[in-house]
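Each number in our numbering comes from the position in the sequence shown (counting from 1) with 1 added on.
A virtual CB, placed ideally from N, CA and C, is assigned to each residue, including glycine.
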Amino acid sequence: MTNQPNELEAKLTALKVDAQKAIAAVNTLPQLEELRVAYLGKKGQLSQILGGLGKLSPEERPKIGALANEVKEALQTALESQKSSLQAAEIQARLEAETIDVTMPAVYRPQGRVHPINSTIDRAIDIFVGMGYTVETGPEMETDYYNFEALNFLPDHPARDMQDTLYLPDGNLLRTHTSNIQIHYMEENDPPIRIIAPGRCYRRDTVDATHTAVFHQIEFFAVDENLTFTDLKGTIKEFLHQMFGEEMEIRFRASYFPFTEPSAEVDMRWKGKWLEIMGCGMIDPNVLKSVGYDPETYTGFAAGFGVERVALLLHQLDDIRRLYSSDLRFLRQF
Ligand code: DAH
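Right, here's the structure in full:
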């Protein structure tokens, strides 16, 4: 007989000692689980030892059974306590790995600035919104009708030569001015109208210190009953004074545009000289007719100016090309 009581007793005691040592030495949770299966699992060492229980005498069985229970409980306790200390260690390691050092220098994210073209547009919009105007935009790709014809440019009128542009293969063109927005807006809306319309324009111009083939304009126009040239003058004065200061000297000089009658050029006194700053006039009755307004009931005024020119003056810049060079040393100054 191999399974004598004191032999089983010795095996159980040895299992307890060995297992406790092994459990205490383990340092990962999966390894600990392996040990649990090896000792206490269905086919584990404890079950194997207890397999010999049947061969013991009925008097001996309870004694060894009680010892086996005690070993089992001791191992369960050892497994539990090792499990909690491994879990605690894992959390501790995670916390250490994920520590944020608040004294470390932050990652530098350069701050963007508003480009002088956009800030000029924003300033103009603010002033006109203060006078009750609303912002409107229109397409940069345009038909001949909206860019020229509806604005009273006859097909062979020489005024078209000053606004040569880029023609697309389908016959469309890139707008030469923001005056096209007048037509789009008036087609869709009835008077009274107070609109400021900024946007990008294109011309077949040779690039130099005062010209770029892509540039920006701001158009503003109003249509109502009884609007007069005085309203136009007052509006422009108010705008230029808010933009450049109350002392700015301004004059109106007779001019010609196909879409206004009468037309004028506005000059500002700049460093002792008169400087042309915008075109304006009373909207030509033909333009009002082209959008279905009755020129006997409504009159309107309109004006348009180049954003780049105004930005150059506001910031005392010498060359329009700087606005398009994307040179950060330049742009960071604003
Ligand atoms: N569209 C003109 C240009 O680009 C500027 C202009 C002049 C607009 C007179 C107007 C205006 O609305 O009344 O040269």
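Residues Asn181 and Ile184 of the same chain have their beta carbon placed closer than 6 Å to that of Tyr147, with the five preceding and five following residues left out of the count.
Judged by the Cβ position, Ser326 fails to qualify as a neighbour of ligand 1 at the 7 Å threshold, every heavy atom of the ligand being at least this far.
Considered as a whole, the stretch 292-320 harbours 300-307 as its complete beta strand (DSSP E) runs of no fewer than 3 residues, in chain order. Two segments are said to touch when three or more pairs of C-beta atoms, one from each, lie closer than 8 Å; by this definition the stretch 327-335 touches the stretch 104-118. In the three-state scheme derived from DSSP, where H, G and I count as helix and E and B as strand, His178 is classed as coil.
Per DSSP, the continuous beta strand (DSSP E) segment holding Ser256 begins and ends at Ile251 to Phe258. Unbroken beta strand (DSSP E) stretches of 3 residues or longer found wholly inside the stretch 137-173: none. For Lys84, the enclosing alpha helix (DSSP H) starts and ends at Glu61 to Ala98. For the pair of segments examined, the stretch 159-179 was found to touch the stretch 134-143: the number of CB pairs separated by less than 8 Å reaches three.
Using a 10 angstroms sphere on the CB of Ile92, the tally of other CB atoms stays under 16, which defines it as exposed.
When C-alpha distances from Gly45 are compared across Lys64, Leu76 and Pro31, the shortest belongs to Leu76. Per DSSP, Gln49 has no beta bridge partner at all. For the 8 Å CB-CB criterion, Ile219 and Lys238 do not form a contact. Relative to the Cα of Ala198, the nearest Cα in the group Leu96, Tyr186 and Val27 belongs to Tyr186. Excluding residues up to 5 positions away in sequence, Val308, Val311, Ala312 and Leu315 lie with their Cβ nearer than 7 Å to the Cβ of Thr121 in the same chain.
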